[in-house]
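Q: Just dropping this structure here.
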Amino acid sequence: MRKATIFTLALFFLVAFLPLASAYDLTFGQGEEVEVTLLSSDPSGVKAEINIPRILIEERIEEGEGYQVLTIPGGGILTQVGKPQVPLVCRFVSLPPTSGVRVDVIEEEKEVLSGAFMLYPFQEPPIRSGKQEPQGFELDEGIYSQDKQFPGNVVEVGEISILRDLRLAPIIFYPVQFNPQTGEVVAYKKIVVEIKFEGEGDNPKLNPKGILTRSFYKTYQRFVLNFEQIKGGLPEVDGSILIITYDNFYNQVEPLAEWKHKRGLSTHLVNLSDVGSTNTDIYNYIYDAYHTWPDPPEYVILVGDEEQIPTNNGISCITDHKYVTVDGDDYFADIHIGRISVQTQAEAEHVVTKTLNYRKNPYMSETDWFLEAMTISGSDYVDDYNCLRCGFLMVDYANFTYFDSLFYSLGLCNVTQITNRLNDGRSWVVHFGHGGPTAWYPSNFSNSHIDALTNGEKLPAIMSIACNNGEFDYYSDCFAERWIKAGSIGNEKGAVIICASTEGSSFFYSDTLGRGTFVSYFADSNFHFTAAVNEGKMYMYTHFPEGPGGTTEREMQMYTTFGDPELDPWSGIPENLEVTHPDHVVLGGAPFPVTVNLNGEPVEGALVCLMKDTEIYEVGRTDPAGELILYPFPLTLGDAELTITAHNAFPYEAIVSVMGGAYIVFDSWSVDDDSLGESLGNSDGDVDCGETIELPILLENLGDSTAFNVEATLSTTHPLITITDNHEVYGDIPAHDVMWCSDDFDFAVSPEMGDGEAVVFELNITADNGSWTRSDLSLLVHAPVLVYESRVID
108 MRKATIFTLA LFFLVAFLPL ASAYDLTFGQ GEEVEVTLLS SDPSGVKAEI
158 NIPRILIEER IEEGEGYQVL TIPGGGILTQ VGKPQVPLVC RFVSLPPTSG
208 VRVDVIEEEK EVLSGAFMLY PFQEPPIRSG KQEPQGFELD EGIYSQDKQF
258 PGNVVEVGEI SILRDLRLAP IIFYPVQFNP QTGEVVAYKK IVVEIKFEGE
308 GDNPKLNPKG ILTRSFYKTY QRFVLNFEQI KGGLPEVDGS ILIITYDNFY
358 NQVEPLAEWK HKRGLSTHLV NLSDVGSTNT DIYNYIYDAY HTWPDPPEYV
408 ILVGDEEQIP TNNGISCITD HKYVTVDGDD YFADIHIGRI SVQTQAEAEH
458 VVTKTLNYRK NPYMSETDWF LEAMTISGSD YVDDYNCLRC GFLMVDYANF
508 TYFDSLFYSL GLCNVTQITN RLNDGRSWVV HFGHGGPTAW YPSNFSNSHI
558 DALTNGEKLP AIMSIACNNG EFDYYSDCFA ERWIKAGSIG NEKGAVIICA
608 STEGSSFFYS DTLGRGTFVS YFADSNFHFT AAVNEGKMYM YTHFPEGPGG
658 TTEREMQMYT TFGDPELDPW SGIPENLEVT HPDHVVLGGA PFPVTVNLNG
708 EPVEGALVCL MKDTEIYEVG RTDPAGELIL YPFPLTLGDA ELTITAHNAF
758 PYEAIVSVMG GAYIVFDSWS VDDDSLGESL GNSDGDVDCG ETIELPILLE
808 NLGDSTAFNV EATLSTTHPL ITITDNHEVY GDIPAHDVMW CSDDFDFAVS
858 PEMGDGEAVV FELNITADNG SWTRSDLSLL VHAPVLVYES RVID
């Protein structure tokens with residue numbers, strides 16, 4: 108129902124902003140958006156099906172001539188200026204490291220639309236400065252004079268690219284074919300394609316590591332058709348964080364690096380002087396780290412303004428994006444990058460403190476602001492729709508209670524309104540409209556208004572879709588820089604992070620990038636800020652799949668994160684994690700189990716780190732049950748630090764002492780069913796139904812002291828198991844030694860036990876100097892399975 112509302116709104120705003128236009132749609136099937144479905148996948152290729160449920164048709168008048176604009180909900184458009192603007196749909200397939208790719212149509216359903224059409228030629232979109240001169244109307248006479256279908260191919264393969272872990276081929280469908288001379292439009296309702304991996308292809312992936320990087324996982328999942336099939340047993344891992352700082356800011360940045368390291372993220376803090384001095388030096392350092400480090404950077408943080416840390420040169424723009432296009436010959440970001448753009452030590456200390464306090468000690472005197480957002484539309488195009496789309500994503504996926512709709516079209520976009528909402532507190536802000544180096548337009552909300560805010564520690568994350576808001580080579584602070592620098596330690600204001608463009612940004616491309624960022628964070632749960640932005644950039648690419656040198660690449664280059672790219676912004680009221688773990692670590696090493704819940708539910712993917720100086724550094728992620736076992740091996744007494752972080756939760760921090768003493772653990776057991784002693788069975792070493800089992804258990808003392816008078820008790824709640832001897836005495840077990848029980852535990856298995864059923868046991872161990880429990884021991888029971896085969900009648 109929500110999707111239907113969104114598309115109705117989209118159509119309304121499209122018509123409202125285009126005078127003399129009318130719109131309608133053609134429906135072919137169920138659903139609102141295009142669906143691309145994987146039919147099969149194997150190492151030799153992929154078979155996929157695309158279904159088009161509807162096509163939107165808008166009538167447009169240009170220079171006295173009538174045209175039609177055709178769009179497919181969920182799809183993009185062909186962006187060749189002056190040529191027919193036909194809709195397209197783009198998805199990726201993951202390729203082997205070096206292979207080529209071929210695509211063939213093997214099945215199709217199409218319909219010739221009634222009437223004569225003249226499809227609108229694509230025009231270069233205006234930029235978002237609000238100051239551009241009217242553009243001339245362009246029409247490619249050569250194309251429009253041809254008596255043949257355009258674009259011709261129903262499906263084609265785009266340029267092969269590498270997105271960090273995967274080598275990708277864009278598969279581009281053109282479900283609408285247009286003959287300019289006859290006015291005939293052929294609409295494909297269904298297309299089935301076979302994609303074959305064969306030969307050698309461009310852009311090979313050298314030295315694939317056979318891993319999946321955690322912050323890219325959601326992007327792969329959304330756009331790569333065969334991702335579920337190719338991910339197989341590939342481990343999902345965290346990369347490292349590389350912080351390159353202007354030398355004078357090293358001490359001020361160190362707390363940020365230390366916190367990330369303490370959380371469990373391998374963090375490398377280096378001075379610019381260790382890297383070089385030019386943008387080439389910086390690129391080469393990042394490139395080398397990505398290709399040679401055992402933990403390649405997943406995030407890069409540059410600390411310093413353009414004068415301290417040089418930027419790169421893009422397509423008529425300054426850009427940090429090019430620093431992280433380090434894998435393959437393409438323009439996709441293989442690392443998430445952000446810039447803490449500061450000029451002094453005081454600014455560096457302030458922004459770092461602001462960032463750390465935001466996550467560690469958020470403002471809790473009021474909590475409504477965590478679930479409230481502000482959307483601002485400041486243009487005369489379709490940005491009201493863009494704002495509504497982002498607002499509904501926050502409501503639908505994060506249960507936001509409210510979002511402002513400050514729309515210029517409704518007279519609700521001025522300095523006072525924006526200021527009042529920000530001071531009241533908003534966790535997210537998205538702006539679609541015009542802009543300049545120091546302000547949003549037409550609201551004229553500028554740097555001076557940021558300085559006058561009193562929002563305190565109610566700091567938003569901001570997505571600013573506008574021109575030049577991130578022009579950080581401006582002669583003074585640009586708009587984005589002022590947001591993150593605003594306030595002072597103990598007297599905060601402004602924002603914690605913002606994504607903004609360094610130059611003039613184009614309509615439609617930038618809109619799609621902004622919406623895609625919100626789709627990534629809220630719908631796809633891609634919670635780290637720049638990971639969501641980069642998925643938004645890929646979302647834009649799938650709508651406008653252009654080769655190098657085009658507007659899509661330029662938009663990717665311009666949109667820059669100001670702040671910590673790894674930041675996980677709040678989208679809910681922070682809550683305390685419910686954590687269980689041992690209160691000490693045993694000298695010499697022992698398993699350290701951790702369980703993490705939130706509101707009584709297990710937390711999957713919580714980052715857990717146990718560290719003690721350089722002696723212990725054990726890191727892991729909790730499983731779907733919220734559980735993780737670490738294996739620290741301390742060599743000295745003292746205190747270790749346990750840190751656990753998860754989305755929308757306060758960090759959990761605890762001191763865990765390293766203690767000497769005994770530590771008894773289950774080592775192994777042996778199934779005895781040889782019908783000697785207490786056992787009764789067939790002597791195959793398996794637990795079978797109807798048998799009586801003798802079960803000797805081996806215990807190990809991992810501690811550094813003897814465990815005195817060790818005893819153990821075995822239990823189970825399984826109704827078909829009867830334990831006949833549940834208690835054994837071990838006596839003293841020396842440090843680092845193992846011991847079998849002198850007698851055996853015994854149990855009987857009911858004849859009614861089914862085949863393949865697991866029996867879970869709990870083992871409670873006690874000693875004069877400690878007690879220990881193991882509750883997840885299990886044995887598999889075997890039973891005959893009788894299957895009727897035949898009968899003989901005599």
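With our numbering, letter number 565 in the sequence shown gets 672, and the count goes up by one each step, no holes.
Even glycine gets a Cβ: it sits at the ideal position worked out from N, Cα and C.
As the structure is a prediction and not an experimental result, all values here were calculated from the model.
1) What do you get for Tyr131, buried or exposed, if any count of 16 or more other CB atoms within 10 angstroms of its CB means buried?
2) Would DSSP call Tyr470 helix, strand or coil?
3) Excluding the 5 residues flanking Ala593 on each side, which residues of the same chain have their C-beta closer than 6 Å to its C-beta?
4) Are Gln359 and Glu473 close, meaning C-beta to C-beta below 8 Å?
5) Report the three-state DSSP secondary structure of Met225 (helix, strand or coil).
6) Between the C-alpha atoms of Phe669 and Leu805, what's the straight-line distance to the nearest angstrom?
7) Please list the terminal residues of the continuous beta strand (DSSP E) segment that includes Ile572.
8) Report the CB separation of Ile736 from Pro700 in whole angstroms; it is logged as a contact under 8 Å.
9) Smallest Cα separation from Ser678: which of Tyr465, Asn833, Lys255 and Cys197?
10) Suppose contacts are defined by Cβ-Cβ distances below 8 Å. Is Val715 in contact with Ile751 by that definition?
11) Mark Ala453 as exposed unless 16 or more other C-beta atoms lie within 10 angstroms of its C-beta, in which case mark it buried.
12) Nearest by alpha-carbon distance to His443: which of Arg321, Thr829, Gly532 and Val772 is it?
13) Measuring straight from C-alpha to C-alpha, what distance separates Ala111 and Ala732?
14) Please return the same chain residues whose Cβ sits closer than 6 Å to the Cβ of Ser775, not counting the five positions on each side in sequence.
15) So what does DSSP say about Leu163, is it helix, strand or coil?
16) Exposed or buried, which one is Arg274 when buried takes at least 16 other CB atoms within 10 Å?
17) Locate the beta strand (DSSP E) running through Asp618, then write down its first and last residues.
18) Using CA coordinates, which residue listed in Ser790, Met766 and Asn789 is at the minimum distance from Asp811?
19) So the beta strand (DSSP E) Cys716 belongs to, where does it begin and stop?
20) So Glu801 packs on Gly784, CB below 8 Å; how close in whole Å?
21) When the Cα atoms are used, what is the spatial distance from Phe119 to Asp490?
22) Would Asn575 be called buried (16 or more neighbouring beta carbons within 10 Å of its own) or exposed?
23) With respect to the beta strand (DSSP E) encompassing Lys338, which residues constitute its N-terminal and C-terminal limits?
24) On a CA-only basis, which of Lys338, Pro204, Val208 and Glu231 is nearest Val188? Give me that one, please.
25) Span of the alpha helix (DSSP H) holding Gln530?
26) In whole angstroms, what separates the C-alpha of Thr144 from that of Arg198?
27) Starting from Leu787, follow the alpha helix (DSSP H) in both directions and report where the run begins and ends.
28) Assign Lys461 to buried or exposed, taking buried as 16 or more other Cβ atoms, counted over all protein chains shown, within 10 Å of its Cβ.
29) For Asp780, count neighbouring C-beta atoms within 10 Å of its own C-beta (all shown protein chains included) and say buried if the count is 16 or more, exposed if not.
30) What's the call for Thr115, buried or exposed, on a 16-neighbour Cβ count within 10 Å?
31) So, Glu662 versus Ser627, is the Cβ gap smaller than 8 Å?
32) Hey, how far is the Cα of Asp345 from the Cα of Glu405?
33) Using the Cα positions of Val522 and Met645, report the straight-line distance between them to the nearest angstrom.
34) Quick one: residues in its chain with C-beta nearer than 6 Å to the C-beta of Gln336, no 5 flanking neighbours on either side, listed in chain order?
35) What would DSSP say about Thr399, mapped onto helix, strand or coil?
36) From the DSSP secondary-structure annotation, give me the bridge partner or partners of Ser822.
A: On the basis of the supplied data:
1) Along the sequence shown, one-based indexing puts residue 131 at 24. With fewer than 16 Cβ atoms within 10 Å of its Cβ, Tyr131 is classed as exposed.
2) On the sequence shown, position 363 is the one that residue 470 refers to. In this structure, Tyr470 counts as coil in the three-state DSSP scheme.
3) The residue labelled residue 593 in the question sits at position 486 within the sequence shown. Cβ within range, chain order: Ile557, Lys600 and Gly601.
4) For the purposes of this step, residue 359 is identified with residue 252 of the sequence shown, where counting begins at 1. For the purposes of this step, residue 473 is identified with residue 366 of the sequence shown, where counting begins at 1. Against a cut-off of 8 Å, the Cβ pair of Glu473 and Gln359 comes out as no contact.
5) Numbered from its first residue, the sequence shown carries residue 225 at position 118. Residue state, collapsed to three classes: coil.
6) Sequence index remark: in the sequence shown, residue 669 carries index 562 (1-based). Sequence index remark: in the sequence shown, residue 805 carries index 698 (1-based). If you take the alpha carbons of Phe669 and Leu805, they lie about 57 Å apart.
7) Counting from 1 along the sequence shown, the entry for residue 572 is found at position 465. Start and end: Ala568 to Ile572.
8) Taking the first residue of the sequence shown as 1, we reach residue 736 at position 629. Taking the first residue of the sequence shown as 1, we reach residue 700 at position 593. Confirmed, Cβ separation roughly 5 Å.
9) Locating residue 678 in the sequence shown gives position 571, counting from the first residue. Ser678 has its Cα closest to that of Tyr465, out of Tyr465, Asn833, Lys255 and Cys197.
10) Here residue 715 refers to the residue found at position 608 of the sequence shown. Here residue 751 refers to the residue found at position 644 of the sequence shown. Yes, these two residues count as a Cβ contact at 8 Å.
11) As a first step, residue 453 is located in the sequence shown; it is residue number 346 there, counting from the start. Label assigned to Ala453: exposed.
12) Taking the first residue of the sequence shown as position 1, residue 443 is located at position 336. Comparing alpha-carbon positions, the option among Arg321, Thr829, Gly532 and Val772 lying closest to His443 turns out to be Arg321.
13) Against the sequence shown, residue 111 aligns to sequence position 4. Against the sequence shown, residue 732 aligns to sequence position 625. The pLDDT assigned to Ala111 is 37, lower than 50, so where the model puts this residue is not dependable, and the model offers no usable value.
14) Here residue 775 is taken as the residue at index 668 of the sequence shown, counted from 1. So the qualifying residues of the chain are Leu805.
15) Here residue 163 refers to the residue found at position 56 of the sequence shown. Strand at Leu163.
16) In the sequence shown, the residue the question calls residue 274 occupies position 167. Its Cβ being crowded by 16 or more others within 10 Å, Arg274 is buried.
17) For the purposes of this step, residue 618 is taken as residue 511 along the sequence shown, with counting starting at 1. Per DSSP, Asp618 lies in no beta strand (DSSP E); the unbroken alpha helix (DSSP H) holding it starts and ends at Tyr616 to Phe625.
18) The residue labelled residue 811 in the question sits at position 704 within the sequence shown. The shortest C-alpha separation from Asp811 is found at Met766.
19) Here residue 716 is taken as the residue at index 609 of the sequence shown, counted from 1. Here the beta strand (DSSP E) through Cys716 covers Leu714 to Lys719.
20) As a first step, residue 801 is located in the sequence shown; it is residue number 694 there, counting from the start. As a first step, residue 784 is located in the sequence shown; it is residue number 677 there, counting from the start. Rounded to the nearest angstrom, the Cβ distance from Glu801 to Gly784 is 6 Å, consistent with a contact under 8 Å.
21) Here residue 119 is taken as the residue at index 12 of the sequence shown, counted from 1. Here residue 490 is taken as the residue at index 383 of the sequence shown, counted from 1. Model confidence at Phe119 stands at a pLDDT of 42, short of 50, so the residue's coordinates are unreliable; what they give is reported in the following sentence. Distance between the alpha carbons of Phe119 and Asp490: 12 Å.
22) The residue given as residue 575 occupies position 468 in the sequence shown. Buried, by the Cβ-count rule.
23) Here residue 338 refers to the residue found at position 231 of the sequence shown. Lys338: not part of any beta strand (DSSP E); DSSP gives it neither H nor E.
24) As a working mapping, residue 188 is identified with position 81 in the sequence shown. Per the Cα distances, Glu231.
25) Here residue 530 corresponds to residue number 423 of the sequence shown, with the count starting at 1. Note on residue identity: the sequence assigns Asn, not Gln, to residue 530. Its alpha helix (DSSP H) spans residues Val522 to Asp531.
26) Within the sequence shown, numbered from 1, the residue matching residue 144 stands at position 37. Within the sequence shown, numbered from 1, the residue matching residue 198 stands at position 91. If you take the alpha carbons of Thr144 and Arg198, they lie about 10 Å apart.
27) The sequence position of residue 787 within the sequence shown is 680, counting from 1. That residue, Leu787, is in no alpha helix (DSSP H); it is neither H nor E in DSSP.
28) Taking the sequence shown and counting its residues from 1, one reaches residue 461 at position 354. The Cβ neighbour count for Lys461, taken over all protein chains shown within 10 Å, is at least 16; the residue is labelled buried.
29) As a working note, residue 780 is residue 673 in the sequence shown. Around the beta carbon of Asp780, 16 or more other beta carbons lie within 10 angstroms, which makes this residue buried.
30) By one-based count along the sequence shown, residue 115 stands at place 8. For Thr115, the predicted model reports a pLDDT of 40, less than 50, meaning its position is unreliable; a value from the coordinates is still stated below. Label assigned to Thr115: exposed.
31) Indexing the sequence shown from 1 puts residue 662 at position 555. Indexing the sequence shown from 1 puts residue 627 at position 520. Against a cut-off of 8 Å, the Cβ pair of Ser627 and Glu662 comes out as no contact.
32) By one-based count along the sequence shown, residue 345 stands at place 238. By one-based count along the sequence shown, residue 405 stands at place 298. Whole-angstrom Cα-Cα distance: 7 Å.
33) Residue numbering aside, residue 522 sits at position 415 when the sequence shown is read from its first letter. Residue numbering aside, residue 645 sits at position 538 when the sequence shown is read from its first letter. Using only the alpha carbons, I get a separation of about 33 Å.
34) As a working note, residue 336 is residue 229 in the sequence shown. A distance below 6 Å between beta-carbons, with the five flanking residues on each side excluded, links Gln336 to the following residues of its chain, in chain order: Ser148.
35) Stepping through the sequence shown from its first residue, residue 399 is reached at position 292. Shown here, Thr399 sits in a helix according to DSSP, grouped into three states.
36) Translated into the one-based positions of the sequence shown, residue 822 becomes position 715. Residue pairing by DSSP places Ser822 opposite Glu869 in a beta bridge.
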